[in-house]
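Peer 1: Quick one: the structure is below, and I'll ask about it shortly.
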Ligand code: RNT
Ligand code: ZN
């Protein structure tokens, strides 16, 4: 360990000098990175299962594949797994919880009956860890969503059921945010859509708009909770038509000044959300990101340090959009160790932010001056800069494992804890 620290320190000293030549202050970049929270999604820990005492219904077009042993079966197990993941990730982060992860004892509590008390243990846990929390109504995996429609359902009784669920979720969010001293971002995502070509594309959207108006009718304190809405291009089982399209939610968010949630996997496969961030923020107050990775028709692979991720972070840093952006993760992989999945995805998101924070001001200046040759040359040279040495130093100063040392920790946890489940 001591040998490793010495190596880290040595590499960092040389990296610091290299960046200084470009006018980049590596210490300032690390200090800034330490202030950026990432909201860890609870659902990577149990394959989007939840803890309701009802027969599990799948659906909603979000399919988790893989059978890796050791998934969390209880709230305590899920919290222990999150504790482990958080101990391997530098910085202070948040928890993003779905409503069906409430603690219902042995009672059958339907979605239109959830209350703040069902989430008290989660809130206490977050408070003890000094973390904020985000929340989501769960409008899928339920008998009343089995035909693929919830808030836009043609039947009023079904719409009312989901409206009630979302209203309660907002009250719960407000209680959480107040208790934790940081607003809870509540994101509404619904699966509503058709597998095959619809005749009427408009009426479901009018119904959704009307349902959302009812959900959001009660004024909530923005210090305690913020409303976000998430669009999607298509899903498994809603290939031909999704009610909550980008245009729908973009319009609704602008009109009602809600947060727009942009999930990196919810657009055409070659369409990047990076280009949308600044533009959308010209018209909506804040945004929520679901950092994810689409692969062909599926939207939720573990986030890797790819170009798409790096352009998202670059956009946020270059245009100073971080203060208006809530960064959350959204992926679920059951084919690998789930704690490693969280660790890889979150560390990658942070790495991409660090790379962006290490960009020199000369890039902007070159572009402004019309010197596009320098812009291209610099952008390419930056790819070879030793940001990895700065990252290692950051991990070291944040007291989390450097390099792949975290993998030893998840392996140990797997043999001592997960394998016994
Ligand atoms: C689904 C959406 C949504 C969910 C979570 C579980 O396509 O991305 O955000 O993944 O709410
Ligand atoms: Zn999402």
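Residue numbers (our numbering): 81 to 501.
Beta carbons: idealized from backbone N, C-alpha and C, even for Gly.
As the structure is a prediction and not an experimental result, all values here were calculated from the model.
1. Mind checking whether the beta-carbon of residue 460 lies closer than 8 Å to any heavy atom of the ligand ZN?
2. In terms of residue numbering, what span does the beta strand (DSSP E) encompassing residue 483 cover?
3. DSSP state of residue 110, grouped into three classes?
4. Unbroken beta strand (DSSP E) runs of length 3 or more, entirely within the segment 293 to 367: which are they?
5. What's the call for residue 577, buried or exposed, on a 16-neighbour Cβ count within 10 Å?
6. Please state whether the Cβ-Cβ distance between residue 232 and residue 284 is less than 9 Å.
7. Name, in chain order, the residues that DSSP records as bridge partners for residue 369.
8. Our contact map puts residue 153 next to residue 186 with C-beta atoms below 8 Å; I'd like the distance itself, whole angstroms only.
9. Check whether the Cβ atoms of residue 429 and residue 486 sit closer than 9 Å, and answer yes or no.
10. Quick check: the segment 95 to 106 against the segment 139 to 153, are there 3 or more CB pairs under 8 Å?
11. Mind pulling the alpha helix (DSSP H) runs of 4 or more residues that sit fully within the segment 128 to 191?
12. With distances taken Cα to Cα, identify the nearest neighbour of residue 374 among 339, 411, 397.
13. Between the Cα of residue 291 and those of 322, 416, 237, spot the shortest distance and give me the residue it belongs to.
14. Would the C-beta of residue 372 count as close to the ligand ZN, meaning under 8 Å from any of its heavy atoms?
15. Going straight from the alpha carbon of residue 61 to that of residue 304, what length do you get?
16. At a Cβ threshold of 9 Å, is residue 352 touching chain B?
17. Looking at residue 117 and residue 207, is the spacing between their C-beta atoms short of 9 Å?
18. Using 9 Å as the threshold, is the C-beta distance between residue 437 and residue 399 below it?
19. Expressed to the nearest angstrom, what Euclidean distance is found between the alpha-carbon atoms of residue 120 and residue 372?
20. What is the DSSP secondary structure of residue 266, counted as helix, strand or coil?
21. Could you give the distance in angstroms between the alpha-carbon of residue 301 and the alpha-carbon of residue 126?
22. For residue 274, which three-state DSSP category applies?
23. DSSP on residue 199, reduced to helix/strand/coil?
24. For the candidate residues 253, 258, 259, 261, whose alpha-carbon lies nearest to that of residue 267?
25. Exposed or buried, residue 463, counting other C-beta atoms within 10 Å across all chains shown (16 or more means buried)?
26. Please state whether DSSP places residue 497 in a helix, a strand or coil.
27. Residue 118 lies in the beta strand (DSSP E); which residues open and close that run?
28. Tell me which residue opens and which closes the alpha helix (DSSP H) that residue 245 is part of.
29. For residue 140, which residues from the same chain have a beta carbon less than 7 Å from its beta carbon, with the 5 sequence-adjacent residues on both sides left out?
30. I'd like to know whether the C-beta atoms of residue 456 and residue 440 end up nearer to each other than 9 Å.
31. Taking 8 Å as the cut-off, does the CB of residue 128 come closer than this to any heavy atom belonging to the ligand RNT?
32. Quick one: what's got a C-beta closer than 8 Å to residue 194's C-beta in the same chain, skipping five residues either side?
33. Shorter than 8 Å, the distance from the beta carbon of residue 379 to the closest heavy atom of the ligand ZN, or not?
34. Using CA atoms only, rank isn't needed, just tell me which of 339, 449, 115, 158 is closest to residue 501.
35. Would you check whether the ligand RNT has a heavy atom nearer than 8 Å to the C-beta of residue 123?
36. Using the Cα positions of residue 492 and residue 480, report the straight-line distance between them to the nearest angstrom.
Peer 2: Inspection of the coordinates gives the following:
1. no
2. Careful: residue 483 lies outside any beta strand (DSSP E) and carries neither H nor E.
3. helix
4. 305 to 310, 339 to 343
5. Past the boundaries of the shown model lies residue 577; the chain is included only from 81 to 501, so the question cannot be answered.
6. yes
7. 342, 407
8. In fact, because the Cβ distance is near 15 Å, the residues do not count as touching under 8 Å.
9. no
10. no
11. 155 to 166
12. 411
13. 237
14. yes
15. Residue 61 falls outside the range modelled here, since the chain spans only 81 to 501, and no answer is possible.
16. Of the protein chains in the structure, only one exists, and it is not chain B.
17. no
18. no
19. 12 Å
20. strand
21. 32 Å
22. strand
23. helix
24. 253
25. exposed
26. coil
27. 118 to 121
28. 236 to 260
29. 220, 221, 225, 271
30. no
31. yes
32. 179, 182, 245, 248, 249, 252
33. yes
34. 158
35. yes
36. 16 Å
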